[in-house]
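A.B. asks: Positions 18 to 101 (our numbering) are the ones given, in order, by the sequence shown.
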Amino acid sequence: MTYIIAEPCIDLKDGACVDVCPVDCIYGLDEDDVNQLYIHPEECIDCAACEPVCPVTAIFAEDDTPPEWDRFIDINYEYFGMSR
Ligand code: SF4
Ligand code: SF4
C-alpha cells in the first residue's frame with residue numbers, strides 16, 4: 018500500500034508533508050509544471066506522518082481514499098510511470 022495525494026493539494030503545494038516525510042518520497046514541490054505533489058508508491062513506508070499535517074486534508078491511505086477522488090490514486094501512480 019501507499020499514501021496518495023488528492024485534489025485539495027492542487028495549486029496549494031505548501032510542502033508541509035514534505036517536511037515530515039522520513040524517507041523523502043513526496044515529489045513535485047520544486048517542479049513548476051506540476052500543480053500538486055505526488056507520493057512514490059514504492060518508496061512510501063506507510064508511516065502516516067504526512068496525513069495529519071496537511072492543512073487541507075489531501076492525503077489518504079490508498080485504501081481510505083474517498084470515492085470521489087479515486088482517480089487520484091491512478092494520477093499518483095502514473096506520475097512515476099507505474100500503475101496500481
Ligand atoms: S506515509 Fe510516511 S513515508 Fe509515506 S509519504 Fe507519508 S510521510 Fe512519507
Ligand atoms: S501538506 Fe497537503 S496541501 Fe501541502 S503539499 Fe502536502 S498534500 Fe499538498
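All C-beta atoms, glycine included, are put in the ideal place defined by N, C-alpha and C.
Taking C-alpha atoms, which residue in P72, D87, D49 and C61 lies nearest to C42?
C.D. replies: C61
A.B. asks: So, at 8 Å on beta carbons, what are the nonlocal neighbours of A23 in its own chain, with the 5 sequence-adjacent residues on each side left out?
C.D. replies: A75, I76, F77, T82, P83, W86 and F89.
A.B. asks: Any heavy atom of ligand 1 within a distance shorter than 8 Å of the CB on C26?
C.D. replies: no
A.B. asks: Compare the C-alpha of L29 against each of Y96, S100 and D47 and name the closest.
C.D. replies: D47
A.B. asks: Looking only at DSSP bridge pairs, what is F77 linked to?
C.D. replies: I21
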